[in-house]
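Protein chains in written order, with the working numbering: chain C, 4 to 143; chain A, 7 to 430. We treat Cβ as the ideally placed atom computed from N, Cα and C, and that holds for glycine. Here the structure is laid out as structure tokens; the discussion comes afterwards.
The structure is reproduced here in structure tokens:
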């Protein structure tokens, strides 16, 4: 069966999503800036104290930035993935014959796989994440 | 499947839903989540936000089309022989659809154990026992989502384990990605034959896995699982540790006392598996898993395999698996004196060791013959040879050695599975 996938560039497209997120991000940034400006006007500390505090917060931000970036990248990717339809599948359903072959299943024989996992679990401390749950081809 | 994808993206029916793919609402919601995450300055824990977003997105997602597992039945006879232990018995697994949206399965599994393992030979007497395990589960399909729930009961003379399981599976990205999330809760009752008292253990498991199609010929799976145990007796109540005692009754320079474990244990495991389809209709697979827990054990295993069909009826499998682990912090083969530390363990499964496993398998497929209700069936034979080598667990059967200088223990095991499967 030949099938056409469509690109969606309307209101639900990924590009719109990014544009919207940037707009909201700018709005949040403006909000934060005006908040700190108010503190300076109130005279909460000397200029040197403010500069030290800024340098300190920058250092902390740098230290935290890598795991945060990884988490944000994962979040963005998952959000995009789950939003779904705007991204064209790079493997078409009619191209999944090889993936649908039973020899490509992670759990071809559930009764045997379950037993062998049990054999290892009883003699090794390692447990969990044995895999074999589901598959990606959706063709079973 | 292809039609379903197009329909989801283009049909007015899907768009009219408040959570449809093209809806303004969903776009704004995603945008706000991304924007909030980018402006994050430690006000709220990000993992919490991450989990909430993930759950909401998965919960709201509209569907393409997933499929329930196939109707099939498997009857297996298993046999394990190694290290003085023989275990064998049947396992019957049956799965059947009820209507188009529900599938139920049941499993009956038996271990008939005859044990004269090194622990038993050195500190107790050989024994035989039987363990029965019964489990049932139900899967419910709703568009692109499969919800599963199950119950398992395992019973032997001094041990009973009950557990419930919940699983959630979602296909997305034009069915290129499958996300699985699961939770299990278990209650174990551990007793001793000489006592009517039982100790209870509470176990919880959290798991998530993502399968991703990479190309027309390859698929990959990432898995993560956390398991927590809490109970007064996480150890085998009969197992003992040894300590140096020059005045020992056995005249060998050491005596025994019972093991003592911490009352909690939490472990984390991450894994990656991949499959690749070769041009001459064969498949390669690989797996790597890393494990660590709060007892100080770290472990990994690595596996490679090759599947080769021959004609339309035969399928041959060969695989190799390597496992390596580092000991628990409180493990010792020989303690310097009695009650040497708070926690004591001499379980060889908590020691530093490695094992190698070589697997061979052959399957023969037959199509429906005299029984018209059978679509197809397979007859299967699988054999695994496993070699365990311990780095700090000594063989106390050896005589004529100084205390702590006995040879290191190792053993090999033969695992045989014979089973038949039918699809109907």
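Proximity to residue i [Cα-Cα], best of the options
| i | options | result |
| --- | --- | --- |
| residue 321 (chain A) | A:343, A:367 and A:327 | A:367 |
| residue 423 (chain A) | C:126, C:130 and C:122 | C:122 |
| residue 123 (chain A) | A:403, A:429 and A:315 | A:403 |
| residue 349 (chain A) | A:365, A:142, A:301 and A:375 | A:301 |
| residue 380 (chain A) | A:77, A:73 and A:72 | A:77 |
| residue 414 (chain A) | A:401, A:352, A:426 and A:406 | A:401 |
| residue 151 (chain A) | A:75, A:204, A:425 and A:354 | A:75 |
| residue 343 (chain A) | A:391, A:253 and A:279 | A:253 |
| residue 287 (chain A) | A:318, A:104, A:391 and A:129 | A:318 |
| residue 274 (chain A) | A:194, A:93, A:234 and A:246 | A:234 |
| residue 194 (chain A) | A:242, A:314 and A:100 | A:242 |
| residue 97 (chain C) | A:279, A:221 and A:313 | A:221 |
| residue 337 (chain A) | A:245, A:111, A:117 and A:375 | A:245 |
| residue 145 (chain A) | A:399, A:304, A:173 and A:419 | A:173 |
| residue 6 (chain A) | A:292, A:219, A:192 and A:167 | Because residue 6 (chain A) is not part of the residues shown, which for chain A are 7 to 430, the question remains open. |
| residue 257 (chain A) | A:163, A:214, A:407 and A:164 | A:407 |
| residue 111 (chain A) | C:113, C:76 and C:79 | C:113 |
| residue 211 (chain A) | A:190, A:411, A:264 and A:255 | A:190 |
| residue 204 (chain A) | A:240, A:142 and A:178 | A:240 |
| residue 105 (chain A) | A:263, A:420 and A:147 | A:147 |
| residue 149 (chain A) | A:314, A:96, A:107 and A:165 | A:107 |
| residue 128 (chain C) | A:397, A:370, A:308 and A:357 | A:357 |
| residue 197 (chain A) | A:209, A:179, A:227 and A:166 | A:166 |
| residue 92 (chain A) | A:156, A:102 and A:118 | A:118 |
8 Å Cβ cutoff, residue i in contact with chain C
| i | result |
| --- | --- |
| residue 158 (chain A) | no |
| residue 46 (chain A) | Here residue 46 (chain A) scores only 48 on pLDDT, less than 50, and its place in the model is too uncertain to base an answer on. |
| residue 92 (chain A) | no |
| residue 230 (chain A) | yes |
| residue 355 (chain A) | yes |
| residue 398 (chain A) | no |
| residue 326 (chain A) | no |
| residue 275 (chain A) | yes |
| residue 383 (chain A) | no |
| residue 302 (chain A) | no |
| residue 313 (chain A) | yes |
| residue 362 (chain A) | no |
| residue 263 (chain A) | no |
| residue 196 (chain A) | no |
| residue 182 (chain A) | yes |
| residue 430 (chain A) | no |
| residue 124 (chain A) | no |
| residue 219 (chain A) | yes |
| residue 148 (chain A) | no |
| residue 289 (chain A) | yes |
| residue 242 (chain A) | no |
| residue 336 (chain A) | no |
Whole-number beta carbon distance between residue j and residue i, since they are thought to touch under 8 Å
| i | j | result |
| --- | --- | --- |
| residue 231 (chain A) | residue 132 (chain C) | 4 Å |
| residue 175 (chain A) | residue 186 (chain A) | 5 Å |
| residue 327 (chain A) | residue 363 (chain A) | 4 Å |
| residue 216 (chain A) | residue 102 (chain C) | Actually they are not in contact, since the Cβ atoms of residue 216 (chain A) and residue 102 (chain C) sit about 16 Å apart, beyond 8 Å. |
| residue 107 (chain C) | residue 351 (chain A) | Not quite, the Cβ-Cβ distance comes to about 42 Å (not below 8 Å), so this is no contact. |
| residue 90 (chain A) | residue 121 (chain A) | 7 Å |
| residue 6 (chain A) | residue 425 (chain A) | What the structure shows of chain A is the stretch from 7 to 430, and residue 6 (chain A) is not part of that stretch, so it cannot be assessed. |
| residue 182 (chain A) | residue 92 (chain C) | 5 Å |
| residue 250 (chain A) | residue 265 (chain A) | At roughly 17 Å, the Cβ-Cβ gap does not stay under 8 Å, so residue 250 (chain A) and residue 265 (chain A) are not in contact. |
| residue 236 (chain A) | residue 270 (chain A) | 5 Å |
| residue 405 (chain A) | residue 384 (chain A) | Actually they do not touch by this definition, with Cβ atoms about 50 Å apart. |
Residue i - containing alpha helix (DSSP H), residue span
| i | result |
| --- | --- |
| residue 418 (chain A) | No alpha helix (DSSP H) holds residue 418 (chain A); the beta strand (DSSP E) holding it covers 414-429. |
| residue 122 (chain C) | 113-126 |
| residue 153 (chain A) | It is not in any alpha helix (DSSP H) - residue 153 (chain A) instead sits in the beta strand (DSSP E) that spans 151-162. |
| residue 100 (chain C) | 100-103 |
8 Å Cβ cutoff, residue i in contact with chain A
| i | result |
| --- | --- |
| residue 129 (chain C) | yes |
| residue 132 (chain C) | yes |
| residue 120 (chain C) | no |
| residue 126 (chain C) | yes |
Residue span of the beta strand (DSSP E) that contains residue i, given as start and end
| i | result |
| --- | --- |
| residue 168 (chain A) | 165-178 |
| residue 293 (chain A) | 288-299 |
| residue 109 (chain C) | Neither: residue 109 (chain C) is in no beta strand (DSSP E) and is coded neither H nor E. |
| residue 83 (chain A) | 78-88 |
| residue 396 (chain A) | 382-400 |
Q) In chain order, which beta strand (DSSP E) runs of at least 3 residues are fully inside the stretch 193-273 of chain A? A) 204-221, 224-237, 246-250 and 260-264
**Q.** Complete runs of the alpha helix (DSSP H) confined to the stretch 90-137 of chain A [at least 4 residues]
**A.** 124-129
Q: Let me know the alpha helix (DSSP H) ranges lying completely inside the stretch 314-366 of chain A, each 4 residues or longer, listed in chain order.
A: none
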